Amino acid sequence: TLQTPLTRLLGTRYPIIQGGMSWASSNAALALAVSPAHLSRVARASTGASAQRLIEARLMREARRNLAYTHLGVATIAYTLGYADPAYFTRAFTRDAGLSPRAFRAQVAASAPGLARASRGTRTSPSRTSTRPWPTAIV
Numbered sequence: 008t009l010q011t012p013l014t015r016l017l018g019t020r021y022p023i024i025q026g027g028m029s030w031a032s033s034n035a036a037l038a039l040a041v042s043p044a045h046l047s048r049v050a051r052a053s054t055g056a057s058a059q060r061l062i063e064a065r066l067m068r069e070a071r072r073n074l075a076y077t078h079l080g081v082a083t084i085a086y087t088l089g090y091a092d093p094a095y096f097t098r099a100f101t102r103d104a105g106l107s108p109r110a111f112r113a114q115v116a117a118s119a120p121g122l123a124r125a126s127r128g129t130r131t132s133p134s135r136t137s138t139r140p141w142p143t144a145i146v
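Numbered according to the working numbering, the sequence shown spans residues 8 to 146.
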């Protein structure tokens with residue numbers, strides 16, 4: 008596969024989202040053992056987006072997964088992703104997804120009944136349902 012400078016930089020050191028950690032680009036740079044300027048330069052050269060924007064996109068993708076596949080409360084998801092204020096998380100999620108976290112969860116539940124069963128711990132596989140298991144907003 009073709010490796011960009013960003014994928015070489017991340018390698019096996021890509022930071023896993025952990026509860027309570029603030030994922031500012033400076034913290035991500037520290038976790039990767041590079042300077043914030045270097046991380047931003049490599050991210051922008053590889054993707055055209057800033058390191059902070061890539062981090063925010065990753066957090067929103069994780070928020071969508073948590074809302075779709077778990078029954079965790081919105082505040083719990085916010086704290087798990089490192090947001091100090093659930094209201095700020097809700098504003099950021101709404102800006103990114105175009106729906107509030109609760110509305111997004113309701114949309115997922117309405118569009119993918121098999122997914123709702125799977126998130127309650129049953130053995131139903133979303134890939135075995137006849138309809139698409141999630142709205143395109145998750146992907």
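Virtual Cβ for every residue (Gly too), placed ideally from N, Cα, C.
Bear in mind that the values here come from a model prediction, so they are computed numbers and not experimental data.
Inter-residue spacing [alpha-carbon to alpha-carbon] between Val-81 and Glu-69: Distance between Val-81 and Glu-69, taken at the CA atoms: about 12 Å.
Alpha-carbon to alpha-carbon, Val-49 and Arg-112: Answer to the nearest angstrom: the Cα atoms are 35 Å apart.
Examine the ligand GDP and report whether any of its heavy atoms sits within less than 8 Å of the Cβ of Ala-58. Among the components modelled here there is no ligand, and therefore nothing to report on the ligand GDP.
Under three-state DSSP, which class holds Thr-87? Three-state result, Thr-87: helix.
Between the beta-carbon of Asn-73 and the beta-carbon of Leu-61, is there less than 9 Å? Contact flag unset, no.
The alpha helix (DSSP H) with Val-41 in it runs from where to where? No alpha helix (DSSP H) holds Val-41; DSSP gives it neither H nor E.
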